[in-house]
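Chemist: Got a structure for you, written out below as structure tokens; questions coming shortly.
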């Protein structure tokens with residue numbers, strides 16, 4: 001074992017030990033004692049875990065099946081639409097049954113909602129490889145122009161869409177209050193509160209990382225546990241730091257460093273190989289990515305909970321998503337022409353603001369380089385996750401009064417990663433963002449598969465129509 005990998009393993013072990021100790025002292029000790037001292041509570045916990053596992057498994061199966069039926073629309077987005085519609089119909093016909101069902105699946109939806117940003121971290125781990133490929137292929141000058149278009153386009157889409165939605169809301173629609181969805185239904189068998197607190201996560205994951213680092217075996221499992229621990233670590237940090245560096249960004253950075261450090265210097269693999277293996281289908285990142293679809297489908301429960309505020313703002317949601325789609329697609333074409341970006345990069349940047357499966361499908365329609373498109377999508381997501389909420393606050397859009405505007409703006413400008421960043425901090429905004437994510441993807445796909453709209457894009461861009 002070389003010095004760099006030994007130091008990396010040691011650093012991971014120390015971080016695991018510190019986080020396990022912190023979690024133990026901050027409350028995990030009391031939670032474990034309470035569980036061991038109450039047999040019924042312990043059994044209820046295992047019941048919740050069993051239900052959560054079953055629901056996640058079924059959501060994954062549903063996503064895969066829907067993906068076969070609904071091409072090119074991703075199975076996760078199809079599942080979100082179908083699940084939301086089903087819950088809304090059930091709520092109208094059998095409200096008590098709907099509430100009981102939502103309560104029954106809550107262990108799974110709580111798990112998927114809290115960990116959703118982690119499931120978006122693998123593309124961040126692979127981002128250095130993708131950027132390196134782009135710079136080698138296009139050269140530094142073209143690469144910098146492309147990054148400038150991504151940053152400027154993200155800012156323009158985010159802010160203009162937010163103010164457009166706010167104007168629509170004040171023009172006759174009510175922002176509303178999500179707390180007034182429907183009167184709460186009294187359930188005869190209320191579920192116990194979740195016991196998997198942040199402190200318990202820190203203790204369990206920290207212990208696992210510490211033990212695996214010391215043994216020096218099962219590196220993929222160790223990296224997966226370390227990635228999850230990195231996200232928990234980011235969630236522990238002060239709000240002032242999290243406002244500048246979102247936990248998912250910190251998680252992706254630390255995971256990339258750990259993955260590269262474990263193999264660096266052993267003579268058989270490079271840092272590129274390490275990051276590619278991490279994000280591959282058999283690596284820890286690939287396993288996390290398999291939970292992205294279930295997490296997005298599970299957002300149907302959040303939309304169900306926020307149904308009143310969403311119904312009150314149907315117009316702004318649809319109009320704002322359409323506006324964001326136009327600004328993103330055609331604004332990117334205008335910026336590419338003004339900066340003189342070469343045709344290959346300009347076309348690959350067009351689908352930058354929609355979710356990856358749809359972006360890749362659109363790249364094929366546009367005959368663009370799908371690898372460059374994936375880089376653009378990931379960069380847009382990073383910008384949204386790290387700066388989206390803060391930028392909207394800085395221009396006077398508050399989380400409470402402008403929840404719909406903030407959500408539609410983030411969903412239109414930074415797809416799933418932006419939605420995930422809002423998931424644990426702004427409930428109404430994240431619900432609106434999930435709706436906007438689906439609408440923006442659908443509208444953008446329709447626009448680019450319509451020959452006349454596609455020709456107009458190439459005309460604006462100054463490229464040969466395809």
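Numbering (our numbering), first residue to last: 1 to 466.
Beta carbons: idealized from backbone N, C-alpha and C, even for Gly.
Please read these numbers as outputs of a predicted model, since none were measured by experiment.
Give a yes or no on whether the C-beta atoms belonging to residue 354 and residue 76 are separated by under 7 Å.
Modeler: No, the pair does not count as a contact, with Cβ atoms beyond the cut-off.
Chemist: Take residue 64 and list the residues in its own chain whose beta-carbon comes closer than 7 Å to its own, dropping the five residues that flank it on each side.
Modeler: 75
Chemist: Hey, quick one: how far does the alpha helix (DSSP H) through residue 50 stretch, first residue to last?
Modeler: 39 to 69
Chemist: Could you work out which residue in 307, 314, 233 and 433 is closest to residue 118 when comparing CA atoms only?
Modeler: When each option's Cα is compared against that of residue 118, the closest is 233.
Chemist: Can you check whether the CB of residue 33 is closer than 7 Å to the CB of residue 203?
Modeler: no
Chemist: Sort 88, 262, 271 and 89 by Cα distance to residue 3 and report the nearest one.
Modeler: Looking at the Cα atoms, 262 is the closest of the given residues.
Chemist: Decide if the region 398 to 416 is in contact with the region 329 to 343; the criterion is three or more beta carbon pairs, one per stretch, under 8 Å apart.
Modeler: no
Chemist: Determine the contact status of residue 53 and residue 79, defining contact as a CB-CB distance below 7 Å.
Modeler: Judged by beta-carbon spacing, residue 79 lies beyond the 7 Å limit of residue 53, meaning their Cβ atoms are not closer than that value.
Chemist: Suppose you measure from the CA of residue 368 to the CA of residue 346; what does that come to, to the nearest Å?
Modeler: Computed Cα separation, rounded: 9 Å.
Chemist: Using only alpha-carbon positions, find the residue among 207, 140 and 280 that is nearest to residue 220.
Modeler: 280
Chemist: Are residue 235 and residue 251 touching if we call contact CB-CB under 7 Å?
Modeler: no
Chemist: Rounded to the nearest angstrom, what separates residue 303 and residue 337 at their Cα positions?
Modeler: 39 Å
Chemist: Take residue 340 and list the residues in its own chain whose beta-carbon comes closer than 8 Å to its own, dropping the five residues that flank it on each side.
Modeler: 145
Chemist: Helix, strand or coil: which one does DSSP assign to residue 306?
Modeler: coil
Chemist: So, is residue 201 buried or exposed, given that buried needs 16 or more other C-beta atoms within 10 angstroms?
Modeler: buried
Chemist: Assuming residue 377 and residue 359 are in contact, meaning their beta carbons sit under 8 Å apart, how far apart are those beta carbons, in whole angstroms?
Modeler: 5 Å
Chemist: Can you tell me the Cβ-Cβ gap for residue 500 and residue 390, rounded? I've got them flagged as a contact below 8 Å.
Modeler: Any answer about residue 500 is impossible in this case: the structure gives the chain only from 1 up to 466.
Chemist: Kindly list the residues whose CB is nearer than 8 Å to the CB of residue 223, restricted to its own chain and excluding five residues on each side of it in sequence; keep chain order.
Modeler: 255, 258, 259, 262, 278, 283 and 284
Chemist: In angstroms, rounded to a whole number, what distance separates the CA positions of residue 442 and residue 31?
Modeler: 45 Å
Chemist: Do you know offhand how far residue 206's Cα is from residue 215's?
Modeler: 14 Å
Chemist: Can you find the residues in the same chain that come closer than 6 Å, C-beta to C-beta, to residue 434, ignoring five residues on each side of it along the sequence?
Modeler: 299 and 419
Chemist: Starting from residue 415, trace the alpha helix (DSSP H) both ways and give me its first and last residue.
Modeler: 403 to 422
Chemist: For the candidate residues 436, 399 and 140, whose alpha-carbon lies nearest to that of residue 321?
Modeler: Selected option, being the one with the closest Cα: 436.
Chemist: Would you tell me roughly how many angstroms separate the C-alpha atoms of residue 136 and residue 372, rounded to the nearest one?
Modeler: 12 Å
Chemist: Here's the rule: buried if 16 or more other CB atoms are within 10 angstroms of the residue's CB, otherwise exposed. What is residue 428?
Modeler: That one is buried.
Chemist: Kindly indicate the opening and closing residues of the alpha helix (DSSP H) around residue 322.
Modeler: Residues 314 to 339.
Chemist: How many Å lie between residue 217 and residue 349 at the Cα?
Modeler: In a straight line, the C-alpha of residue 217 is about 41 Å away from that of residue 349.
Chemist: Would you report the Cα separation of residue 248 and residue 384, rounded to the nearest angstrom?
Modeler: 12 Å
Chemist: Starting from the Cα of residue 27, find the closest Cα among 68, 94 and 197 and give me that residue.
Modeler: 197
Chemist: Quick one: grab the DSSP three-state call for residue 192.
Modeler: In this prediction, residue 192 scores a pLDDT of 35, lower than 50, which makes its location untrustworthy; the coordinate-derived value is nonetheless stated afterwards. If DSSP states are grouped into helix, strand and coil, residue 192 belongs with coil.
Chemist: With C-beta atoms as the reference, is residue 380 less than 7 Å away from residue 406?
Modeler: no
Chemist: Rounded to whole angstroms, what is the Cα-Cα separation between residue 180 and residue 47?
Modeler: With a pLDDT of only 41 at residue 180, under the threshold of 50, the placement of this residue in the model should not be trusted; the figure read from the coordinates follows. When only Cα atoms are considered, residue 180 and residue 47 end up about 31 Å apart.
Chemist: Nearest CA to the CA of residue 169: which residue from 310, 139 and 99?
Modeler: 310
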